[in-house]
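Numbering (the numbering used here), first residue to last: 153 to 249. Don't be surprised by glycine CBs; every beta carbon is placed ideally from N, CA and C. All of these numbers come straight from a predicted model, not from anything done at the bench.
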């Protein structure tokens with residue numbers, strides 16, 4: 153090493169005790185990995201279930217006929233029209249007074 157590159161910033165790199173990399177992961181690291189793997193597997197299972205459910209619902213919608221919607225709720229204008237029709241029929245003689 154030349155004097156220009158000597159010093160604490162340019163010296164040879166040594167690992168401190170805190171930077172030591174073990175050959176085998178610690179039990180807590182394994183536990184964390186296990187939990188992470190479990191969460192990943194669970195989320196994939198939920199996603200697959202949701203996808204299957206969506207496919208089943210789409211297939212069922214194709215098989216069964218479309219739902220018939222009820223008519224509009226009668227409002228005042230519909231009642232007025234019904235009264236007018238009734239009065240017209242009665243006036244025409246179709247209904248007894």
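Asked	Found
So, at 7 Å on beta carbons, what are the nonlocal neighbours of residue 213 in its own chain, with the 5 sequence-adjacent residues on each side left out?	none
Enumerated in chain order, which unbroken segments of the beta strand (DSSP E) with a length of 3 residues or greater are wholly contained in the region 174-206?	none
My output table needs one value for residue 216: the three-state DSSP class, helix, strand or coil.	coil
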